[in-house]
Amino acid sequence: MFSLLQRGQQVSNQAISALSYIAFAIIALFLAQLHFDNAYNLPSQIANIETSTNIRYSYSAGSTSAKGKENSKIKFDIDTDLSSLFNWNTKQVFVYLTATYPGKSPESSNRVTYWDKIITDPKDAKLSLKSVRGKYSVYDREFSFRERNATLALEWNIQPWIGPLVFGTLEGGQGFSFSKPEKPRK
Amino acid sequence: MDALPDLIEFPIDFVGQRKANRLTNLLLFSGAALSVLVGFVSQSFINTIYAFAGVFVLTLVAIVPAWPYFNKNPVVWLKPKKIEILL
């Protein structure tokens, strides 16, 4: 601390240490707030699920042969309030609707995303959407979904200003089964 | 070229160095705690950053210049003895 330069360096170094403590404090408070706001057990309602299955032949629909590929689409209503996912360290929230169904082997499980939304403003955190069409046409690695039963659930992912990404699933998942393809197989 | 580092040296005395070190830690770490509190109470991440930036600038102003406060105990050197040169 003898000269001007040494004092400048000492102050900057200690400031960087202090910033790292600030970062840890913010992350700890942010995670604690999510816990106390009950963010991991938020309710949601998914209703009026309509699915349709088509056989499509284009490469972009996952088809790699003349046989084509079964593509599943969905229409649904959702009603949920994600306000408690927003606190001082939340930059944005990514909400996505997934279907989880058993895979080819008994112990495996597949998950596909039908729809998603990015919420950047806490004012938009209350979702009440009617007759939404899924954004994505979904296909499996196999040719067919084989009319399996699936669970439709809303999941969320918080992207914070600093700290780890936080993932969670909303309560209120709904079961459905993939419908038979509308067009008969060739 | 050796003159430039000497020109901007602005030294402080030993007691002043201890004072400066303690004051730096006090200001920065209590300021950090205060910034987190400000951000938490206002529920705004950016307020924490602004508050800490303010604390940092304040600390720079308080510590970096050679304030007279840091130069109150100058080192007193012994006076040189007269040496008689015997011829």
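In order, the protein sequences belong to chains A and B. Sequence positions in the first sequence follow the working numbering and run 19 to 204. Sequence positions in the second sequence follow the working numbering and run 117 to 203. Quick reminder that beta carbons are idealized off the backbone N, C-alpha and C, glycines included.
- Under the three-state reduction of DSSP output, A:L60 falls in the coil class, being neither helix nor strand.
- In the three-state reduction of the DSSP assignment, B:K188 falls in the coil class, being assigned neither a helical nor a strand state.
- Only residues of its own chain outside the window of five on either side were considered, and among them A41, I44, I45, N107 have a CB closer than 8 Å to the CB of A:I180, listed in chain order.
- A:S146 carries a strand assignment under DSSP once its states are collapsed to helix, strand and coil.
- According to the DSSP secondary-structure assignment, B:T175 is paired through a beta bridge with no residue.
- A direct Cα-to-Cα measurement between A:F112 and A:V150 gives close to 17 Å.
- A:L49 is the residue among A:A33, A:I34, A:L49, A:F20 whose C-alpha sits nearest the C-alpha of A:Q177.
- Exclusion of the five residues before and after A:R74 leaves S81, G86, K87, N89 as the residues of its chain whose Cβ lies within less than 7 Å of its Cβ.
- Here the stretch 50-57 of chain A lies against the stretch 98-107 of chain A, with 3 or more beta-carbon pairs under 8 Å apart.
- Between the stretch 113-122 of chain A and the stretch 164-172 of chain A there are three or more inter-stretch CB-CB distances shorter than 8 Å, so the stretches are counted as touching.
- Ranked by Cα distance from B:V180, the first of A:K148, A:L147, A:S162, A:L23 is A:L23.
- Between the stretch 185-203 of chain A and the stretch 149-158 of chain B, the count of C-beta pairs closer than 8 Å stays below three; the two stretches do not touch.
- DSSP places A:V184 inside the beta strand (DSSP E), whose first and last residues are 184-187.
- Taking a Cβ-Cβ threshold of 7 Å, the residues of chain B close to A:R25 are A136, I179, V180, in chain order.
- In the pairwise beta carbon analysis, the stretch 125-141 of chain B is classified as touching the stretch 187-194 of chain B: at least three pairs are separated by under 8 Å.
- Taking a beta-carbon distance threshold of 7 Å, B:A148 counts as an interface residue toward chain A.
- For B:P121, the uninterrupted alpha helix (DSSP H) segment begins and ends at 119-123.
- Between A:N72 and A:E200, the gap from beta carbon to beta carbon is short of 7 Å.
- For the stretch 105-118 of chain A, the residues whose beta carbon sits under 7 Å from a beta carbon of chain B are, in order, N105, W106, N107.
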